[in-house]
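Enquirer: Numbering (our numbering), first residue to last: 104 to 215.
Got a structure here, written out as structure tokens. Questions coming.
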Amino acid sequence: MKAENRQLLVLTHLSQLLDIVTGFGGFIVPLILWLTQKDTVMNMDENGKSIINFQISMFLYILICIPLILLLGIGIVGIIAIAVLCFVFPIVNAIKVSNGEKPHYPLSIKFV
Numbered sequence: 104m105k106a107e108n109r110q111l112l113v114l115t116h117l118s119q120l121l122d123i124v125t126g127f128g129g130f131i132v133p134l135i136l137w138l139t140q141k142d143t144v145m146n147m148d149e150n151g152k153s154i155i156n157f158q159i160s161m162f163l164y165i166l167i168c169i170p171l172i173l174l175l176g177i178g179i180v181g182i183i184a185i186a187v188l189c190f191v192f193p194i195v196n197a198i199k200v201s202n203g204e205k206p207h208y209p210l211s212i213k214f215v
């Protein structure tokens, strides 16, 4: 039987903000939490998949923006927009999860 643990779900969403400090922890920590807790915590599988999809999607969008920097600097605007999304949506979704709502990450490509 799966237990409800909203605090762990909130922590999983907020752990994405480790990207600001480490550059890569925002992918690794949620991945580890998801893989180790998906069978024991209710809704962890759904939340973990949405976080991983969001992180992979944002990484791909950054890769697309890098060559666009040479094209009139359009890539800079894209990178700034992605940075804002990567900061705002983990916080918004952590609040949603703490209130018992489903998380939603925009522009996420479904990989897992």
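Here a beta-carbon is modelled for each residue, glycine too, at the ideal position from N, C-alpha and C.
Here the structure is a predicted model, which means the values were calculated and not measured.
With a threshold of 8 angstroms, are at least 3 pairs of Cβ atoms found where one atom belongs to the stretch 115 to 125 and the other to the stretch 151 to 166?
Expert: Judged by Cβ distances under 8 angstroms, the stretch 115 to 125 makes contact with the stretch 151 to 166, as three or more pairs qualify.
Enquirer: I want to see whether chain D comes within less than 7 angstroms of Q119, judged by CB atoms only; does it?
Expert: Protein chains in the displayed structure number just one, and chain D is not present.
Enquirer: For A106, which of T143, L120, L138 has the nearest alpha-carbon?
Expert: Considering only alpha carbons, the answer is T143.
Enquirer: Is F192 near Y208, with beta carbons less than 7 angstroms apart?
Expert: Yes.
Enquirer: For V200, does the count of other Cβ atoms within 10 angstroms reach 16, so buried, or fall short, so exposed?
Expert: Buried, because 16 or more other Cβ atoms sit within 10 Å of the Cβ of V200.
Enquirer: By how many angstroms is the C-alpha of M104 removed from the C-alpha of G126?
Expert: The straight-line gap from Cα to Cα measures roughly 36 angstroms.
Enquirer: Can you tell which of F157, G176, I172, V195 has the C-alpha that lies nearest to the C-alpha of K212?
Expert: According to the sequence as given, residue 212 is Ile; it is not Lys. Nearest of F157, G176, I172, V195 to I212, Cα basis: F157.
Enquirer: From A184 to G203, what does the alpha carbon distance come to, in whole angstroms?
Expert: Cα-Cα distance, rounded: 28 angstroms.
Enquirer: Mind checking who A186 pairs with in its DSSP beta bridge?
Expert: BP columns for A186 are empty, so no partner.
Enquirer: What residue from F162, G176, Q110 has the CA that sits closest to N146's CA?
Expert: Taking only the C-alpha atoms, the option nearest N146 is Q110.
Enquirer: Go through the stretch 106 to 183 residue by residue and report every complete run of the alpha helix (DSSP H) that reaches 4 residues or more, in order.
Expert: Counting whole runs of 4 or more residues, the stretch 106 to 183 contains the alpha helix (DSSP H) stretches 109 to 117, 121 to 125, 128 to 140, 147 to 171.
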